[in-house]
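Before any comments, here is the structure.
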Amino acid sequence: MKTRKIFLLTFYFFLFAAALIPAVAVSAQQPTPSDDEVNAIARQLYCPVCENTPLDVCPTTACHQWRELIRQMLAEGKSEAEIKQYFVDYYGARVLSEPPRTGINWLVYVVPPVAFLAGIYLLFRAFLTWKRLAKEPITGADHSSALRSGTEPAEGSGIAADDEYIARLEEELKKRK
Amino acid sequence: MLAQFGFGVFVLTFLLALFSVGAAVVGYFDKSDRWVETARRAMLLTFPLISLAVLTLAYLLVTGHFELQYVYSVTSKDMPFYLKITALWGGQAGSLLLWLWLMSAFASAVTLRKWERDRELLPWVIVVTSVTLAFFLSLTIFYENPFTCWWQTTGSDFVAHMFAPAGAIPVTPADGQGLNPLLRHPGMIIHPPTLYLGFVAFVIPYAFAIAALITGRSDDRWIRLTHRWTLVAWLFLSLGLVLGMRWAYDVLGWGGYWAWDPVEISALMPWLTGTAFLHSVMIQEKRGLFKQWNMLLIILTYALVIFGTFLTRSGVLSSVHAFAQSAIGPMFFAFIGVTFVTSVALLIYRWNDLRTEVEMTSLFSREALFLLNNLLFMGILIVCFWGVIFPLISELVTGQKVTVGPPFYLRANGPLFGALMALMGIAPLSAWGRSTYKTLGRALWKPSIPTVIVTLVLAILGVHNWIALVGFTLVAFVIFVTLFEFWRGVRSRQKKQNENFLIALWQLARHNRRRYGGYLIHLSMVVMAIGILGIELYQTTTQKTLAVGEDIQIAGYTIRYDSLAQFPYTDGRIVTRAALSIFRSGKFLGNLYPRYDYYPTSRQPMTIAGVRSTLADDLYVVLVNWENVSASQAPFKVYHNPLVNWLWIGSLMFIFGFLVAAWPERDEEKRKEKI
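For the record, the sequence lines run as chains A and B.
Residues in the first sequence are numbered from 1 upward in steps of one, following this note's numbering.
Residues in the second sequence are numbered from 1 upward in steps of one, following this note's numbering.
Structure, rendered in structure tokens:
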């Protein structure tokens, strides 16, 4: 009984091993990822040693090894996201070309548009104020009455607009002389 | 002995700069012309003195005095003569000396002008320029002295000091380390002086602005006096940026010209405020508006100039440019803080004096569009500034460093640059004062028709990337608007003066150089934009290890690896050069020779790409020296860069446009003299 059990176990072991052979062989035959496939990921990562240098063009030995690591991970079937995460886990968020959108890093994405929108708002408000002031009677010196009279919107055809432009141009050229 | 002489000159110049500050202040408050004149002469003396220090260092570099730490670190016996000269700015201490030299030249030139009408501004112009000079001299004397020598101490250590430590004996190394290979390129030889010229020239309008604030002159005299200085500063800063791009393209071997590196950005930031300033001062000149804003812009530009030098020289941000790190960071930081706070405090003090009755009735007037232009430049500045300092903030707060790289800048700045291009097309057609959407619309429809045709043709030809389509549409729009402006002006002259086309064009530009030079600069910018759109949106790349006789295919080209040669060069470097044959549709186009040079003395390699350039594209091949290279097989990285040459063509056009805009007008000069 015992002998039979051992025989069966040995049989199943070899059967399992035999089933694995084709898979291992297929894996070994997988083509090595090309330089372009490696660089496609490497260019999204930054060298942890030479700051501000993308991994695909960094000439250091360390970066050469990291590119080979990417090649190896690709050969193992790892996805782009998994490889990037591996580098982040080991070397920190600095290897990414942009800060991850978490915590304080949000500031890098939020501050510029908020500041720009605030600028637009302030400019628009200032413009409304200036427009209101301009409607009040003009008392100060007029710097460019000649120019402005030339640019008064004239209703009519495009030719009229052209003439208006030429008049303004000539006025300016006369001033320059 | 010469080293001690050079150092003595620094100390003397430093004292002289401080004296000129004191004398100018005394002269102003005592209303004493004699003191002011004394200050002016003291300031004038700084230029010959610093020139003497520069000549001394140049002599020591050329003659191989390796007992000097600076000479040892940037030269070697086998370097050619011209590189020994350019090694003057090849290291930290030397580049600060170059900054000083150019600054003293500009300061001297400005104090040599006739000052009769603006006598009250003179003392404060001297104070600002002398304080800036004294600051950089103090850095040179106390931190970055190019005249320090090597000494061997009693403990057999080698140390670099100006004067002999107790018991130490002088040491002269047999040879130097040589110049960083990356700096042995024509682009890098003229890039730093050009950029620095741009930096220091902006100090002059700033000095006049501060003088106007202190003396309470609220007119636009300071702007008129410094108009040409500002243009010169802007030209050199622009050229410095372009030369830096060309250097990166030729030497760094990554197939691009701009990597949004913090140090590149630090040079771009004063250019942004300077360009906004150039546009904004026109509103003050034409309509007397926005005096406070113009003051703020020039203060910001000065602060960013110093900030840019700080970033480049302090090593606070590690990057490919930060070759040296030193202890001068805190000094810079304090100087930027003090000058910025003082300048803004002065502006606030004079705020009401600079207030003007603003009349603006239309959002479509030229001044409104110029303001929008300023807002866009400020938007790009905020993106750049924030992107550069955020990694420092992150490190300070969380202890973790982050990278803010190209994707961030491209996404944030792309639309802003697009909007600026649109404004470049619209603003020239608007009028000062009361333009309306109707008048603007009437002016716009004619150039819009060929623009739409160009867009349709591009779409039919297969340009389906919407960013490219929008970009090229804007390029076409600006080109047609500008040509339309020229055409209308010429037609007007032809009618009135009965001139032929060429004479009318010449006379038109001659009598209004600033306007038409400005238009040429706009044209040059959009021509550069063609190159930028081409490489940014359509660059392709591939890398492959080739055996002799094998080839790579990219964008219709076939690149065949023929042979590899390795040989020593006369200057000591070892050159490894591949020979490639280029084919297109089976037709032989020529050979390329990508190579890398190895400098044994400094143990540094330099990659020189093989480039085939046409107006349509560049084929850019790098022999990948960081992988295994042998005669039988070698790895190559190939970039196909469409349209990139237009970037360089645009920069040449820019110089021409600038010359037209800034060329002195005889009539104007005479008129100025009469005023």
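Idealized CB from N, CA, C, for every residue including glycine.
Owing to the predicted nature of the structure, the values given are computational and were not obtained by experimental measurement.
Heavy atom of the ligand HEM within 6 Å of residue i beta-carbon
i	result
L225/B	Inclusion of the ligand HEM in the displayed structure is not the case, the ligand content being empty and no account of it being possible.
Terminal residues of the alpha helix (DSSP H) in which residue i lies
i	result
P635/B	Segment Q633 to P642 is the beta strand (DSSP E) holding P635/B; no alpha helix (DSSP H) there.
Q284/B	P262 to R287
S613/B	Element bounds for S613/B: not the alpha helix (DSSP H) but the beta strand (DSSP E), G610 to S613.
N39/A	D35 to A42
F654/B	N645 to A662
W234/B	R221 to V251
K63/A	Residue identity differs from the one stated: residue 63/A is Cys in this sequence, not Lys. First-last of the alpha helix (DSSP H) with C63/A: T61 to A75.
W151/B	No alpha helix (DSSP H) holds W151/B; the beta strand (DSSP E) holding it covers C149 to Q152.
A160/B	Where A160/B is concerned, there is no enclosing alpha helix (DSSP H), although the beta strand (DSSP E) it sits in stretches over F158 to H161.
C384/B	R366 to T398
P447/B	Y437 to I460
Q85/A	E80 to Y91
A688/B	Absent from the model: residue 688/B. The displayed extent of chain B is 1 to 675, so no value can be given.
Residues that residue i contacts on chain A, provided the C-beta gap is smaller than 7 Å
i	result
T86/B	Chain A residues near T86/B: none, gap ~24 Å exceeds 7 Å.
T215/B	Within chain A, no residue comes near T215/B; the closest Cβ sits about 22 Å away, beyond 7 Å.
V397/B	I104
A267/B	Result: empty, since nearest Cβ-Cβ is about 15 Å, beyond 7 Å.
Proximal chain B residues relative to residue i, where beta-carbon distance stays under 9 Å
i	result
D35/A	T542, Q543, K544, T545, V624, E627, P635 and K637
Residue from the options with nearest C-alpha to residue i
i	options	result
E550/B	D562/B, Q539/B and Y557/B	D562/B
L346/B	L296/B, G379/B and A368/B	L296/B
G636/B	L49/B, L68/B and L546/B	Before going further, note that residue 636/B is Phe rather than Gly in the sequence given. Residue L546/B is the option with its Cα nearest to F636/B.
A58/B	K84/B, K77/B, W35/B and V575/B	K84/B
S394/B	P59/A, R71/A, Q65/A and V108/A	V108/A
L252/B	H185/B, Y593/B and E536/B	H185/B
V114/A	T38/B, I382/B and W234/B	I382/B
F202/B	V125/B, I169/B and G216/B	V125/B
A207/B	I559/B, V629/B and T132/B	T132/B
S34/A	T542/B, E367/B and D571/B	T542/B
G77/A	F127/A, W130/A, A93/A and P31/A	P31/A
T473/B	V526/B, K438/B, R515/B and K496/B	V526/B
F477/B	S448/B, H464/B, H511/B and Q497/B	S448/B
L564/B	N645/B, L623/B, T607/B and P605/B	L623/B
F7/B	G27/B, N625/B, L68/B and A24/B	L68/B
T273/B	T312/B, L243/B and G198/B	G198/B
P330/B	E285/B, H65/B, T309/B and G216/B	T309/B
Closer than 8 Å at the beta carbon, the chain A residues around residue i
i	result
D261/B	N52
P406/B	S97
F390/B	P99, L107 and V108
L2/B	Result: empty, since nearest Cβ-Cβ is about 37 Å, beyond 8 Å.
A368/B	F127
Proximal chain A residues relative to residue i, where beta-carbon distance stays under 9 Å
i	result
G253/B	V57 and P59
P605/B	P59
T403/B	Y46, E51, N52, A93, R94, V95, L96, S97, E98 and P99
Q69/B	None at all; the shortest Cβ gap to chain A is about 25 Å.
Q400/B	G92, A93 and R94
Beta-carbon neighbours of residue i, restricted to chain B and to distances below 8 Å
i	result
L123/A	L371, L372 and L375
G119/A	L375, M378 and G379
Run of the beta strand (DSSP E) containing residue i, from where it starts to where it stops
i	result
G187/B	Note, G187/B: premise wrong, no beta strand (DSSP E); alpha helix (DSSP H) at P186 to A201.
G425/B	First-last for G425/B: P406 to I426, but that is the alpha helix (DSSP H), not the beta strand (DSSP E).
G590/B	K587 to L592
Y596/B	R595 to Y599
D617/B	D617 to L623
Partners in chain B for residue i, counting only beta-carbon separations shorter than 7 Å
i	result
P112/A	I382, V383, W386 and A412
A115/A	I382
K84/A	Here the premise fails: no neighbours, minimum Cβ distance about 13 Å.
K131/A	M360 and T361
Residue i at chain D interface by Cβ criterion, 7 Å
i	result
M360/B	Absence of chain D from the displayed structure is noted, the protein chains being A and B.
- Task: Quick one: which unbroken beta strand (DSSP E) runs of 3-plus residues sit fully inside the stretch 495-576 of chain B? Chain order, please.
- Result: Within the stretch 495-576 of chain B, complete beta strand (DSSP E) segments of at least 3 residues are found at 540-547, 551-554 and 557-568, given in chain order.
- How do the stretch 89-97 of chain A and the stretch 397-407 of chain B stand: do at least 3 beta-carbon pairs fall below 8 Å, yes or no? Result yes; three or more Cβ-Cβ pairs closer than 8 Å.
- Message: Would you call the stretch 38-58 of chain B in contact with the stretch 97-115 of chain B, where contact means no fewer than 3 C-beta pairs closer than 8 Å?
- Response: Touching, yes.
- Message: Between the stretch 340-354 of chain B and the stretch 289-303 of chain B, can you find at least three pairs of beta-carbon atoms closer than 8 Å?
- Response: Verdict: yes, contact present.
- Task: Could you tell me whether the stretch 105-122 of chain A touches the stretch 372-391 of chain B, using the rule of 3 or more Cβ pairs below 8 Å?
- Result: Because the criterion of three Cβ pairs below 8 Å is met, the stretch 105-122 of chain A and the stretch 372-391 of chain B touch.
- Message: Any contact between the stretch 69-82 of chain B and the stretch 569-586 of chain B? By contact I mean 3 or more CB pairs, one from each, below 8 Å.
- Response: Using a C-beta cut-off of 8 Å, the stretch 69-82 of chain B makes contact with the stretch 569-586 of chain B, since at least three inter-stretch Cβ pairs fall below that distance.
- Query: Quick one: complete beta strand (DSSP E) runs, 3+ long, within the stretch 30-94 of chain B?
  - Reply: You should have found no qualifying run.
- Query: Where are the alpha helix (DSSP H) runs, 4 residues long or more, that stay fully inside the stretch 93-150 of chain B, in chain order?
  - Reply: With a minimum length of 4 residues, the continuous alpha helix (DSSP H) runs that stay inside the stretch 93-150 of chain B are 122-142.
- Query: Is there contact between the stretch 187-201 of chain B and the stretch 233-243 of chain B, where contact requires at least three CB pairs shorter than 8 Å?
  - Reply: At 8 Å Cβ cutoff, the stretches touch.
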